[in-house]
Amino acid sequence: MSLKVRLKYIIKNNLLFKSKIQHVKVLAIGVDSPSDLLILTDFFQIERSSITFQNNFKPHLVEAEALGFKCTIDCKDKHDLIILAIPNDKKEALGLVSKSLKIIKEKGYIIFDGQKNIGIESIVNKLSFLNFTLISKAHGKLVLAPKPKTIPHSVEEWDNASQLSLNKNNFLTSPGMFSYKKIDSGSELLGNFLGNHIKGQVADLCSGWGYLSIIALEKNSKIKKVCLFEANYAALMASKQNLKDPRACFYWEDVINLPDQEKKFDFVICNPPFHSKAKYDIMQGRKVIKTGYKILKFTGTFFMVANTHLPYERNLRNYFSKVDKMKETPYFKVFRATMPIINP
Ligand SMILES: C[S@@+](CC[C@H](N)C(=O)[O-])C[C@H]1O[C@@H](n2cnc3c(N)ncnc32)[C@H](O)[C@@H]1O
Numbered sequence: 093m094s095l096k097v098r099l100k101y102i103i104k105n106n107l108l109f110k111s112k113i114q115h116v117k118v119l120a121i122g123v124d125s126p127s128d129l130l131i132l133t134d135f136f137q138i139e140r141s142s143i144t145f146q147n148n149f150k151p152h153l154v155e156a157e158a159l160g161f162k163c164t165i166d167c168k169d170k171h172d173l174i175i176l177a178i179p180n181d182k183k184e185a186l187g188l189v190s191k192s193l194k195i196i197k198e199k200g201y202i203i204f205d206g207q208k209n210i211g212i213e214s215i216v217n218k219l220s221f222l223n224f225t226l227i228s229k230a231h232g233k234l235v236l237a238p239k240p241k242t243i244p245h246s247v248e249e250w251d252n253a254s255q256l257s258l259n260k261n262n263f264l265t266s267p268g269m270f271s272y273k274k275i276d277s278g279s280e281l282l283g284n285f286l287g288n289h290i291k292g293q294v295a296d297l298c299s300g301w302g303y304l305s306i307i308a309l310e311k312n313s314k315i316k317k318v319c320l321f322e323a324n325y326a327a328l329m330a331s332k333q334n335l336k337d338p339r340a341c342f343y344w345e346d347v348i349n350l351p352d353q354e355k356k357f358d359f360v361i362c363n364p365p366f367h368s369k370a371k372y373d374i375m376q377g378r379k380v381i382k383t384g385y386k387i388l389k390f391t392g393t394f395f396m397v398a399n400t401h402l403p404y405e406r407n408l409r410n411y412f413s414k415v416d417k418m419k420e421t422p423y424f425k426v427f428r429a430t431m432p433i434i435n436p
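Take the position in the sequence shown, starting the count at 1, then add 92; the result is the number in my numbering.
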């Protein structure tokens, strides 16, 4: 929504495209509210399908597709206008800045946009090589710049630093993924409860770069299959590289809107998200619990770790007759829920 306010401002003040360009090709990267871009179709009088919407996160792509944008997870074609929504992680952000700068057409423009609370200022401070106009509005900043004549060598380094590499625990991850530098302490705690009793069909909901599935498969020879469900494409691809076990299968899915599945899983394991669109959102975890319930057999077991302050107990009891708190620390709590209720 705030991106829309800032886009409107630069359009109304004629700051974009001083000379007329026919059939403007627009690429929007990382935008989490696709409808913010509709303002561009009126201004440039272009079809929605002339806007390419690039995003890693499946729910945003589904929303953009429904609006009629062309959708992709990666785009290397040149564009007249590139709009990059700056993500939270600085290394990921600089990597995307670097990639975007390589694909602006001659006479094209680049826009970098972000909220102040995610540290857009620190990115702006690194852009002194651009001849940019800075708009500060609606708790955020927008940098608008024409294609630069030269790009400093250091900018290429930003791209390299955002690539997949081994983290502290020797798993492949890249900046921007959840807990990419090392195993999350909450997931590590849940991992302690996944030893030697897990079997059959297992679902790992919101599987990230794969840690919970890796540990479950390592410890349990009676597992027949682990299905990893994750909405972030880059994280899912990393998990594929981290997990070469033939019992693992990978699904790029929005767990909250999972297409109807039979109740076929013996175990569900998860460390659910508690943010959406960069804001704290407790409903995410609640919806993941509901999905877990829906896909579990009536004899199945649901394991979850959550931050200690998040109130999921009542929600778990809505779906399961037996809810045990296996461990609570000042930071995390681990639940095991069994006996799914037939008509919750
Ligand atoms: C707290 S992290 C846990 C990741 C991983 N299980 C681990 O233990 O490291 C939550 C994960 O949920 C993913 N996620 C967020 N919303 C999702 C959704 N609607 N569907 C599927 N995955 C989602 C995020 O990308 C993130 O990887």
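All C-beta atoms in this analysis are idealised placements derived from N, C-alpha and C, irrespective of residue type, glycine included.
- No heavy atom of ligand 1 is found nearer than 7 Å to the CB of Glu310.
- Beta-bridge analysis with DSSP links Cys341 to Cys319.
- Proximity to Phe427 across Val216, Phe221 and Glu405 peaks at Glu405, based on C-alpha coordinates.
- A distance below 8 Å separates the beta carbons of Gly232 and Gln207.
- At least one heavy atom of ligand 1 lies less than 7 Å from the C-beta of Gly300.
- The C-beta distance from Ala295 to Phe263 rounds to 20 Å, too long to meet the 8 Å contact threshold.
- A direct Cα-to-Cα measurement between Pro364 and Ala398 gives close to 7 Å.
- Looking at the DSSP output, Ala253 sits in no beta bridge, so it has no partner there.
- Of the residues His401, Ile381, Pro244 and Thr400, the one whose Cα lies closest to the Cα of Phe394 is Ile381.
- Three or more Cβ pairs drawn from the segment 118–125 and the segment 143–157 lie within less than 8 Å of each other, which places the two stretches in contact.
- For Tyr201, the enclosing beta strand (DSSP E) has its first and last residue at Ile196 to Gln207.
- Spanning the alpha carbons of Tyr411 and Phe149 requires a straight line of approximately 28 Å.
- Taking 8 Å as the cut-off, the Cβ atoms of Leu129 and Gln146 do not count as close.
- For the pair Ile387 and Val360, the CB atoms are nearer than the 8 Å cut-off.
- When rounded, the separation of the alpha-carbon atoms in Ile131 and Ile143 is 11 Å.
- When distances are taken from the beta-carbon of Pro151 to the heavy atoms of ligand 1, the shortest one is below 7 Å.
- Counting C-beta atoms within 10 angstroms of its own C-beta, His245 has fewer than 16 neighbours from the protein chains shown and is therefore classed as exposed.
- By the Cβ-count criterion, Gly200 is buried, with 16 or more other Cβ atoms from all chains shown falling within 10 Å of its own Cβ.
- Taking the Cβ of Asp169 as the reference point, every heavy atom of ligand 1 lies at 7 Å or farther away.
- The C-beta distance from Ser413 to Met431 rounds to 4 Å, short enough to fall under 8 Å.
- Scanning the segment 233–315 from its first residue to its last, the whole beta strand (DSSP E) runs of 3-plus residues come out as 292–297.
- The residues Ile196 and Gly200, in chain order, have a CB closer than 6 Å to that of Lys239 in the same chain once the five nearest residues on each side in sequence are set aside.
- Sequence-distant Cβ neighbours of Lys274 in its own chain, meaning closer than 8 Å and more than five residues away, are Asn259, Lys260 and Asn261.
- For Phe424, the enclosing beta strand (DSSP E) begins and ends at Phe424 to Pro432.
- Every unbroken stretch of the alpha helix (DSSP H) spanning 4 or more residues and falling wholly within the segment 319–406 is given here in chain order: 325–334 and 375–387.
- Taking C-beta atoms as the reference points, Ile175 and Ile203 count as a pair closer than 8 Å.
- Taking C-beta separations shorter than 7 Å and ignoring five residues to either side along the sequence, the partners of Ile178 in its chain run Ala185, Phe204, Asp205, Gly206, Ile210, Ile212 and Ile215, following chain order.
- One alpha carbon belongs to Thr391, the other to Gly292, and they sit about 12 Å apart.
- For Ile102, the three-state secondary structure derived from DSSP is helix.
- The C-beta separation of Asn334 from Lys311 comes to about 16 Å, leaving the pair out of contact by the 8 Å criterion.
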